[in-house]
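FYI, the numbering for the sequence shown is -21 to -1, 1 to 204, going by mature numbering (1 follows the signal peptide of the UniProt record, and there is no 0).
Quick reminder that beta carbons are idealized off the backbone N, C-alpha and C, glycines included.
Bear in mind that the values here come from a model prediction, so they are computed numbers and not experimental data.
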Amino acid sequence: MPIYKTIALTVAALAAISMSADENTGITAQDFSYLFHLYYDNSQLLADRDFEFKYDVIAAPYEPAEVSTEFPYRGELFNFAGEVAANFVFDPKSGDVHFVRGKVQVRAPYVADGERAVFYDSQNSPILTIRVSESSFCNDDGICNADRGEDSLSCPKDCKQAVPVPPSPEPESEGTGDSQGLVTGLLYTFAGLGLIGGLWWFFRKRRAAPPSTPIPPPGPQNTVQ
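This is how it looks when you write it as structure tokens:
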């Protein structure tokens, strides 16, 4: 998806949040997903050489793909701490048993502190690794980098949220519930703004990056930066 469409969708979403803050809604990492541009060649997976960037971050929630094969491929998303942050399953043939070679697009859940995506074949062997760290605004370094969009809601590992002191019980006056809902909604709005700011930083860095160099022929496992 072109960047201007991504920005338009996210701005529209944030506008909706501002108009209904009392509904406790907001933009989170779950509102985005990865779209990997791959090439399938006789059971092997490669990064598609026709794309300058091997994946995009799109403004759409991840929805698991429908898989009918008994031997699907799968993927894991690792964060900077080396933990498996998300999993996904897909069929590169999309149910076509006669498909042996061609372009494949794979959707995966977006991870705010994602470092790499590892793809496995139907035998559970790793066959491709793609780095996704350039699109991650949470880096799990223990420092709350507000300038990159990190906050306690979107990056809880780096931005520790203070434990609130329980307030003393008081009679609830008229309008108190609405005020609390508004405050909570605004917190989610700011978290959404932080997420959008982090993704804006990612796309800005992409535009400034030099053209990628040709990818060497793959070995047993292909790793793409």
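Listed in chain order, the non-local C-beta contacts of Y52 below 8 Å within the same chain comprise L24, V68, F69, D70, P71, F98, Y99, D100 and S101, local neighbours out to five positions each way being set aside. For E113, the three-state secondary structure derived from DSSP is helix. When secondary structure is reduced to three states using DSSP, D10 falls in the helix class. Of D137, F15 and G93, the smallest CA-CA separation from D27 is found for F15. The count of Cβ pairs closer than 8 Å, one atom from the segment 78 to 86 and one from the segment 117 to 131, stays below three, leaving the stretches out of contact.
As a beta-bridge residue in DSSP terms, P88 pairs with S12. The three-state reading of DSSP puts D126 in helix, counting H, G and I together. A straight-line Cα-Cα distance of about 17 Å links N66 and S112.
Inter-residue distance for E94 and Y41 is about 18 Å (C-alpha atoms, whole angstroms).
Taking 7 Å as the cut-off, the Cβ atoms of D92 and F57 do not count as close.
Contact between G54 and A87 holds, since their C-beta atoms are separated by about 6 Å, short of 8 Å. Annotation for P43: F67 and V68 place their beta carbon closer than 8 Å to its own, counting only its chain and skipping 5 residues before and after.
A residue is called buried when at least 16 other Cβ atoms come within 10 angstroms of its Cβ; K33 meets this threshold and is buried. With contacts defined as CB atoms closer than 7 Å, Y89 and Y13 qualify as a contacting pair. In this structure, the alpha-carbon of S104 lies about 15 Å from that of N21. Proximity to E49 across N118, D10, S73 and C117 peaks at S73, based on C-alpha coordinates. Assignment of V83 by DSSP, reduced to helix, strand and coil, places it in the strand class. Taken atom to atom, the span from the alpha-carbon of Q9 to that of N124 is near 21 Å. DSSP lists F67 and F98 as the beta-bridge partner residues of G54.
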